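Data first, discussion second: the structure below is written as structure tokens.
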Amino acid sequence: MFAIVGAKIYTITKGIINNGVVLVKNGLIEAVGTSSLKVPAGYKIINAKSKCLTPGLIDAHTHLGTFGEINVPATADGNEMTNPVSPFVRGIDSFNPQDPAIKLSLQGGVTTAYTGPGSGNIIGGTGFVIKTHGNTVYDMVVQGKEAMKFALGENPKGVYKEQKKIPSTRMGNAAVMRQALMKAEDYVIKQKQAQKEGKHFNRDLGLEQLAKVLNREYKARIHAHRADDIITAIRIAEEFNLDYSIEHCTQGYHVADILADKGCFCVIGPLIIGPYKHELWDVRMSTPAVLNKAGAKVIITMDAVTPASHTKYLAMNAGLAIRYGLDEEAAFKAITINAAELIAMSDKIGSIEVGKEADLVIFDGHPLSNFTNVEQVFIAGERVV
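Note that the working numbering has the sequence shown beginning at 4, numbered continuously upward.
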């Protein structure tokens, strides 16, 4: 049991409390209030006067633990690029808890991350949610939070064009995605019929995973940079009534009103990235601001693959988005409660509220400033930094 006292508390959902107090008991937030909130006897006091307190930050799109060191093929386990439709693979089976990028992320105040397969395939397999502290996959993975990776644009068509396979064009990308979902629809119908008739049915791991996408048990996390790919993603998702998000959303500013109207989450980033491929030539740091102004649901990601692009700088990127027009409240939500909602954990994390898990970060200054350092990090009430 402990109390953090004197901090400027960014609750995220209930405003800012100056000189506030947070009580933590049994890994949960017990109470939140002003300096008038009494600290019970027996509670350890953590003096956070002149400090800032936020909920643990959340990066909703990473590849932590699945790609490892850059340019080291032995640690690159995030893309099974032998079949453009690979829903049968699970990112959790590639996860390396000792990936140094995970510890770096934690040092930046990121306590929760969504991680998993990359975008080399049209359908790349399932991603999952981790806490950024622990020794084994069992310590870190949050059960029941899987989603399916889909990808449009340059990456999958580039991979399979070299192999002289479909897809090699954007129309090929869309066709392969549709065909896979249609097969999954047929699979579900045949499986139900066999069960009804009491007949044996040959199961298929990939189609069973896609069936979970069709019944909206899994969200479709669709990688799309260019505006036309974003619209294709929306079109296909609506054809099959999928629960979906748009990942990267680089040219989302061209279709901001459409994204707002659809109500899907827009996971934007990374904001700092070189134009190493054509669809990244027009990355704009103002994209979060444009989409937020239009009314879209904005999340900011670092899209961390290796320590070189690690999630440690997530807060800094949210600060840069403010510099380019995003309002401060929206910037905080983009790396906390919005991300928590996307990964179906907003009842547990993403804000400082009574009853939520005590994932907390103490900063020595404004949390989104480049001049600020993380001083202490807690996950479920345990100090981990």
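Cβ atoms here follow ideal geometry from the backbone N, Cα and C, with glycine treated the same way.
Note that the coordinates shown come from a computational prediction; the quantities given were computed from them, not determined experimentally.
Does the stretch 112 to 129 come close enough to the stretch 230 to 238 to have 3 or more Cβ pairs within less than 8 Å?
no
Residue range of the unbroken alpha helix (DSSP H) whose run includes threonine 314
By 1-based counting over the sequence shown, the position of residue 314 is 311. Where threonine 314 is concerned, there is no enclosing alpha helix (DSSP H), given that its DSSP letter is neither H nor E.
Ignore the nearest five residues each way along the sequence and tell me which others in isoleucine 325's own chain have a CB closer than 7 Å to its CB.
In the sequence shown, residue 325 corresponds to position 322, counting from 1. Excluding residues within five positions, the ones whose Cβ falls inside 7 Å are Glu331, Ala334 and Leu371.
N- and C-terminal bounds of the beta strand (DSSP E) containing glycine 209
As a working mapping, residue 209 is identified with position 206 in the sequence shown. No beta strand (DSSP E) contains glycine 209, which is instead part of the alpha helix (DSSP H) from 208 to 217.
Rank Asp367, Gly130 and Leu294 by C-alpha distance to the C-alpha of isoleucine 261 and give the top, closest one.
Here residue 261 corresponds to residue number 258 of the sequence shown, with the count starting at 1. Looking at the Cα atoms, Leu294 is the closest of the given residues.
Just to confirm, are proline 278 and asparagine 320 a CB contact at a threshold of 9 Å?
Mapped onto the sequence shown, residue 278 falls at position 275. Mapped onto the sequence shown, residue 320 falls at position 317. Contact: no.
Three-state secondary structure (DSSP) at glutamine 101?
The residue labelled residue 101 in the question sits at position 98 within the sequence shown. Correct three-state label for glutamine 101: coil.
Only counting the same chain, and skipping five residues up and downstream in sequence, which positions put a Cβ closer than 7 Å to that of tyrosine 327?
Taking the first residue of the sequence shown as position 1, residue 327 is located at position 324. Within the same chain, tyrosine 327 has close Cβ partners Met288, Ser289 and Ala292.
Rounded to whole angstroms, what's the CA-CA distance from isoleucine 275 to aspartate 306? Just pull it up for me.
Locating residue 275 in the sequence shown gives position 272, where the first residue counts as 1. Locating residue 306 in the sequence shown gives position 303, where the first residue counts as 1. Using only the alpha carbons, I get a separation of about 10 Å.
Give the range of the beta strand (DSSP E) segment to which leucine 26 is assigned.
Your numbering for residue 26 matches position 23 in the sequence shown. Per DSSP, leucine 26 belongs to the beta strand (DSSP E) from 19 to 28.
Contact set for alanine 197: own chain, Cβ-Cβ below 8 Å, skip 5 residues either direction:
Position 194 of the sequence shown, counted from the first residue, corresponds to residue 197. Closer than 8 Å at the Cβ level, and outside the excluded window around alanine 197, lie His203 and Phe204.
Threonine 172 to lysine 106 span [Cα, whole Å]:
Locating residue 172 in the sequence shown gives position 169, counting from the first residue. Locating residue 106 in the sequence shown gives position 103, counting from the first residue. Cα to Cα, the separation comes out at about 39 Å.
Cβ distance (whole Å) where isoleucine 61 is taken to contact alanine 343 below 8 Å
The residue you call residue 61 lines up with position 58 of the sequence shown. The residue you call residue 343 lines up with position 340 of the sequence shown. Indeed they touch by this definition, with Cβ atoms about 6 Å apart.
Let's test the definition: count the other Cβ atoms within 10 Å of the Cβ of glutamate 200 and tell me whether it reaches 16, buried, or not, exposed.
Position 197 of the sequence shown, counting from 1, holds the residue named residue 200. That one is exposed.
Taking only three categories from DSSP, how would you classify methionine 180?
Stepping through the sequence shown from its first residue, residue 180 is reached at position 177. Reduced to three states, the DSSP call for methionine 180 is helix.
Cβ pair count under 8 Å reaching 3, the stretch 158 to 175 against the stretch 134 to 143
Fewer than three Cβ pairs drawn from the stretch 158 to 175 and the stretch 134 to 143 lie within less than 8 Å of each other, which leaves the two stretches out of contact.
Give the secondary structure of histidine 64 by DSSP, where H, G and I count as helix, E and B as strand, and everything else as coil.
Looking up residue 64 in the sequence shown gives position 61. The DSSP-derived three-state label of histidine 64 is strand.
CA nearest to the CA of histidine 64, picked from Tyr13, Val24, Asp350 and Val301:
As a first step, residue 64 must be located in the sequence shown, where it is residue number 61. Nearest neighbour of histidine 64 by Cα position, chosen from Tyr13, Val24, Asp350 and Val301, turns out to be Val301.
Residues bridged to threonine 78 by DSSP?
Here residue 78 refers to the residue found at position 75 when the sequence shown is read from its first residue. DSSP output for threonine 78 lists no bridge partner at all.
Across which residues does DSSP place tyrosine 13 in a beta bridge pair?
Residue numbering aside, residue 13 sits at position 10 when the sequence shown is read from its first letter. Bridge partners of tyrosine 13: Ile19.
Enumerate in chain order the residues of its own chain whose CB-to-CB distance from valine 145 is below 6 Å, with the five nearest sequence positions on each side excluded.
Along the sequence shown, read from residue 1 onward, the residue named residue 145 stands at position 142. Only Val132 meet the Cβ criterion.
Once DSSP output is grouped into helix, strand and coil, what is the label at lysine 54?
If you number the sequence shown from 1, residue 54 lands on position 51. The answer is coil: DSSP assigns lysine 54 none of H, G, I, E or B.
With a cut-off of 8 Å on the beta carbons, I'd call histidine 354 and threonine 375 a contact; round off their distance for me.
Taking the first residue of the sequence shown as 1, we reach residue 354 at position 351. Taking the first residue of the sequence shown as 1, we reach residue 375 at position 372. The question names histidine, yet the displayed sequence has serine at residue 354. Going by Cβ atoms, the distance from serine 354 to threonine 375 rounds to 20 Å, so no, they are not a contact pair.
Distance, Cα to Cα, glycine 175 vs lysine 168?
Working through the sequence shown from its first residue, we reach residue 175 at position 172. Working through the sequence shown from its first residue, we reach residue 168 at position 165. Cα-Cα distance, rounded: 10 Å.
Compare the C-alpha of valine 377 against each of Ala10, Ile352 and Gly368 and name the closest.
Stepping through the sequence shown from its first residue, residue 377 is reached at position 374. Among Ala10, Ile352 and Gly368, the Cα nearest to that of valine 377 is on Gly368.
Limits of the unbroken beta strand (DSSP E) element including valine 270
As a working note, residue 270 is residue 267 in the sequence shown. Run containing valine 270: 268 to 271, per the beta strand (DSSP E) assignment.
Distance, valine 270 Cα to leucine 363 Cα
Along the sequence shown, one-based indexing puts residue 363 at 360. Along the sequence shown, one-based indexing puts residue 270 at 267. One C-alpha to the other measures close to 23 Å.
Please state the DSSP three-state secondary structure of alanine 44.
Along the sequence shown, read from residue 1 onward, the residue named residue 44 stands at position 41. Reduced to three states, the DSSP call for alanine 44 is coil.
So what's phenylalanine 204 in DSSP terms, helix, strand or just coil?
Looking up residue 204 in the sequence shown gives position 201. Coil.
Run through DSSP, which three-state label would glutamate 83 get?
For the purposes of this step, residue 83 is identified with residue 80 of the sequence shown, where counting begins at 1. Coil, per DSSP.
Contacts around alanine 347, its chain only, beta-carbon distance under 7 Å, and the 5 residues preceding and following it disregarded:
Counting from one through the sequence shown, the residue named residue 347 turns up at place 344. If we look at alanine 347 and ignore the five residues flanking it on each side, its Cβ neighbours are Lys148.
Give me the Cβ distance between alanine 187 and leucine 213, rounded to the nearest whole Å; I'm assuming they're in contact under 8 Å.
By one-based count along the sequence shown, residue 187 stands at place 184. By one-based count along the sequence shown, residue 213 stands at place 210. 4 Å between Cβ atoms; contact.
Just reading off the alpha helix (DSSP H) that glycine 161 is part of, what are its end residues?
On the sequence shown, position 158 is the one that residue 161 refers to. Here the alpha helix (DSSP H) through glycine 161 covers 157 to 165.
Consult DSSP for tyrosine 141 and reduce its assignment to one of helix, strand or coil.
In the sequence shown, the residue the question calls residue 141 occupies position 138. In this structure, tyrosine 141 counts as helix in the three-state DSSP scheme.
So who's on the other strand from glycine 128, going by DSSP bridges?
Position 125 of the sequence shown, counting from 1, holds the residue named residue 128. For glycine 128, which the question treats as bridged, DSSP gives the partners Lys152.
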